[in-house]
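Working notes, structure below.
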Amino acid sequence: MSKYPYAEIEQKWQRFWEENSSFKVEEDPSFPKEKRRYVLDMFPYPSGSGLHVGHPEGYTATDIYCRFLRMRGFNVLHPMGFDSFGLPAENYAIQTGTHPKITTERNIDHFRTQIKSLGFSYDWDREISTHSEDYYRWTQWIFLKLFEQGLAYEAETPINWCSSCLTGLANEEVKDGKCERCGQLVERRNIRQWILKITSYADRLLEDLDTLDWSESIKTMQRNWIGRSEGANVHFQIDGHLESLEVYTTRPDTLFGATYMVMAPEHPYVEKITTDKHRPAVEAYLEQARLKSDLERTDLAKDKTGVFTGAFAVNPVNGEKIPIWISDYILISYGTGAIMAVPAHDQRDWEFAKKFDLPIIEVLKGGTIEDEAFTGDGPHVNSSFLDGMGKEEAIESIIEWLEERKLGQRAVNYKLRDWVFSRQRYWGEPIPLVHCPTCGIVPVPEDQLPLKLPEVDSYEPSGTGESPLAKIHEWVNTSCPKCGGPGRRETNTMPQWAGSCWYYLRYLDPRNGSSLADRRKIDYWMPVDLYVGGAEHAVLHLLYARFWHKVLYDIGVVGDVEPFKRLVNQGMITSFAYQRPDKTLVPTDEVEEPETDSFVEKGTGTPLTQVIAKMSKSLKNVINPDDIIRDFGADSMRVYEMFMGPLQVSKPWSTSGISGVHRFLDRVWRLFDRELVDREPPEELKRVLHKTIKKVTGDTDSLEFNTAIAQMMIFVNEVFKEETLNRQLIEPFVLLLSPYAPHLAEELWERLGHEPLAGRQNWPDYDEELTRDEMINLVFQINGKVRAKVEANADISPEEMKEAALNHPRIKELTAGRQIRKIIPVPGKLVNIVVS
Ligand code: ANZ
Ligand code: ZN
């Protein structure tokens, strides 16, 4: 018996595909639009640690789908590249002095080799890297378009500042108040920034979500991130001042319940209205608030803090004077930066009122406001002309009332903020602008792009809020493109998200020197039919890319309003971890399994429970794809990752699972040790084959790879029982297997005497008739006498036969009131019921 020589086979076919450019794709006009597919993976950031098992999960899924589509006669674009600007390479450069370009390109080479070792059918001629000059030239070009459209502006704004990475961060890069990269607590700092006006696209970004075939959960995350809300702005006269304080509220109907007001610590009126008596306390409070991130400030669980200004405002509906407070639960960046507090119906206000002993007035009936705020609907009370109305009606009435008296107006607000687009770092695209004392801000002319990153001696950020580029005088000092006078280059660079905002367009025409991509090629392939990647990009990359795409649409570069028609998020591949009774985790190499499924800690014998956790270096449970490919082969790795469970769910890696899949492929290999015959297969096997073709076709099409594989396993079990190998059964099977285990399938296809499969159209058909379950006649007897006849599925089990007999109306009738002593099923034939 020959052993399955996966290593040899895999090398052989990878070389063949490469040498023959088997997966090179062109804009062949003979394929009509509906026979073209653009299938895209989220390209990796080439980190120093190489590929992890999560990458091949999505990449295998798209690869299977692409190979399947090609076999079904589609022209398929399936490219790969690298998202290669970013902080890790720069941080490494700071530590070691190695140029980020060197580290990055070394990492890219390593990634490419690893990806190729999995046999993916990418068109490698289209490979791109976002840090290459001829790529970022077009990233800069798009920036200039944004600038021309008035969508990029400079502003000194308080931004999230990481004092460890010494750079500003976008809101999206702040997790739980900490820097997503390094974990440092984020502070607020005023820094001159380039900002992109993504908010001008908020409505379109929201509305067009409805047209997308994306999971509801990702759409909801984007909707919440955009956070559109409707309500009103209301003006409160400040007692003793000319100014009025404007608030944004989604609940103007609760105006009669407003018992105090709150301003954000950064509100411009703080200085003006604070009375002398309260000034020291207010100043102390402002100092404290400055250090907190937005997230910490609005965290519902946090204890409320605040301070009274000494000033009062007049409630426009009833003339009541209510105190004006300052608290950090109000954000300056949202609405008007001030609120009317309605403690009876808003939980944050309720907590604040309880803490500072402020009045709580109920204006909607239905809750127990002694215990908590009532946020539901109910008839209004204590609200004069609103009394008796429900929420919606009262909101409409009060807005009308306010607008008539010029005390307020209907308003819409978004949580979405403009996108802080500059970084004070080296390893990113230089922003192609020149500051000229005479002309102001002048774009670098398009024909001078790319504006190249200059060499620097030190990658250390200056920490003053300027990038290391600021220190290179020859580069910074330039002439103004407009007037020729002396100018200074912008020294900020773009954030890592820039390159990934449009990479899917560059794949269409990666070497184009005169535009980012030829419009005909864009129209040939776009939009992306299927985009697969991790859910962690729900609001970052996926929102930014949609924004840029819409801008490109508006200026006529692309012809579709959305880039990614269908999005599928792969689930995370987790690992097992081991937990002590006190819930602390033990590294995997400290764990013993004395009996199956029972775990103890080495040395101490402490019993451990197996739990599911993220793979992590410290737990020593990280699976390295290279090891798996070496020990089991790329095909086993591919099939295993797809067999673990549905693509979209998270699932733990199991070592016995990969062995099981390997045994399955080994079994397929060993089938070929048998004599190959070519004759009409027996009826049952023919049926299994046609059912398998049908199942694998449907499941592959709908990305349900795990169940397709399960069906292929059933098929192999059946043919394994035969003494010979039947060509009429095995040939279609090898074709079904080929998207999943392409190396093995090519090898077997060759052994069957055929030309290589790669990229050809040859998906097998099935005969619907043969996939239908076969019916048999069953006889039900009572004490050996035939009493009923029925039709049943051929694969009915003895248990099901018994049940069918007992439920048959005639049998029920005849056995009623009699004692059933025995039920004897004879599979495929009859059921005999013995009664006394
Ligand atoms: C009075 C009120 C009564 C409110 C009530 C809610 C319930 P969304 O839906 O998220 O848009 N708010 C307004 N500006 C704020 C700011 N800068 N920082 C913190 N909170 C702010 O939330 C709008 C509601 O959040 C507004 O409506 C306001 O509180 C508060 F029964 O006004 B409401
Ligand atoms: Zn000038």
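Converting from the sequence shown to UniProt numbering requires adding 3 to each position, the first position being numbered 1.
All C-beta atoms in this analysis are idealised placements derived from N, C-alpha and C, irrespective of residue type, glycine included.
- Contact between the segment 355-368 and the segment 252-260 is established, with three or more Cβ pairs separated by less than 8 Å.
- DSSP places Asp-702 outside any beta strand (DSSP E); the residue lies instead in the alpha helix (DSSP H), whose first and last residues are 686-704.
- Under the three-state reduction of DSSP, Ser-132 is assigned to strand.
- Per DSSP, reduced to three states, the secondary structure at Arg-514 is coil, with no helix or strand assignment.
- Thr-133 has its CB no nearer than 6 Å to any heavy atom of ligand 1.
- Look at the beta carbons and you see the segment 90-97 not touching the segment 544-563: under three pairs across the two are nearer than 8 Å.
- Rounded to the nearest angstrom, the Cβ distance from Pro-745 to Phe-19 is 11 Å, too far for a contact under 8 Å.
- The residues Asn-835, in chain order, have a CB closer than 6 Å to that of Ile-827 in the same chain once the five nearest residues on each side in sequence are set aside.
- The straight-line gap separating the alpha-carbon atoms of Ser-425 and Arg-191 is approximately 16 Å.
- When the beta-carbon positions are compared, Pro-489 and Glu-136 stay at least 7 Å from each other.
- Contact annotation, Arg-670 with Phe-723: C-beta distance approximately 6 Å; criterion of less than 8 Å satisfied.
- Take the alpha-carbon of Glu-210 and the one of Arg-569: they are about 16 Å apart.
- In chain order, Phe-85, Ser-87, Thr-107, Asn-110, Ile-111 and Phe-114 place their CB closer than 7 Å to the CB of Pro-49, counting only its own chain and leaving out the 5 sequence neighbours on each side.
- Between the beta-carbon of Cys-185 and that of Ser-167 there is about 5 Å, and that keeps the pair under the 8 Å contact cut.
- In this structure, His-693 lies near Asp-770, with their beta-carbon atoms less than 7 Å apart.
- Rounded to the nearest angstrom, the gap between the Cα atoms of Asp-776 and Pro-735 is 20 Å.
- The alpha-carbon of Glu-678 is positioned some 50 Å away from that of Val-603.
- A residue is called buried once 16 or more other Cβ atoms fall within 10 Å of its Cβ, and Arg-408, having fewer, is exposed.
- In the structure shown, the three-state DSSP call for Lys-788 is strand.
- Closest in alpha carbon position to Val-789, among Ala-397, Ala-808 and Arg-821, is Ala-808.
- In terms of Cα proximity to His-134, the closest of Tyr-125, Leu-147, Pro-103 and Leu-154 is Pro-103.
- The Cβ-Cβ distance between Leu-650 and Leu-706 falls below 7 Å.
- Fully enclosed alpha helix (DSSP H) runs of no fewer than 4 residues occupy 628-635 and 637-646 of the segment 597-673, in order along the chain.
- For Pro-742, the three-state secondary structure derived from DSSP is coil.
- In the assembly as shown, Phe-388 is an exposed residue. Its beta-carbon has fewer than 16 other beta-carbons within 10 Å.
- The DSSP-derived three-state label of Arg-824 is strand.
- Residues Ile-785 and Arg-790 of the same chain have their beta carbon placed closer than 7 Å to that of Leu-817, with the five preceding and five following residues left out of the count.
- The alpha helix (DSSP H) runs of length 4 or more contained entirely in the segment 391-463 are, from start to end of the chain, 394-407.
- In this structure, Leu-833 and Val-782 form a Cβ contact; the two beta carbons are roughly 4 Å apart against a cut-off of 8 Å.
- Counting C-beta atoms within 10 angstroms of its own C-beta, Lys-357 has fewer than 16 neighbours from the protein chains shown and is therefore classed as exposed.
- Its Cα nearest to that of Leu-668, the residue Val-737 stands out among Val-737, Thr-727 and Gly-537.
- Inter-segment contact for the segment 227-246 and the segment 416-430 is present: three or more beta-carbon pairs are separated by less than 8 Å.
- Taking the Cα positions, Glu-151 is about 27 Å away from Val-415.
- For Phe-708, the enclosing alpha helix (DSSP H) starts and ends at 708-723.
- Within 10 angstroms of the beta-carbon of Ile-717 lie fewer than 16 other beta-carbons, which makes it exposed.
- Annotation for Tyr-643 indicates a beta carbon at 6 Å or more from all heavy atoms of ligand 1.
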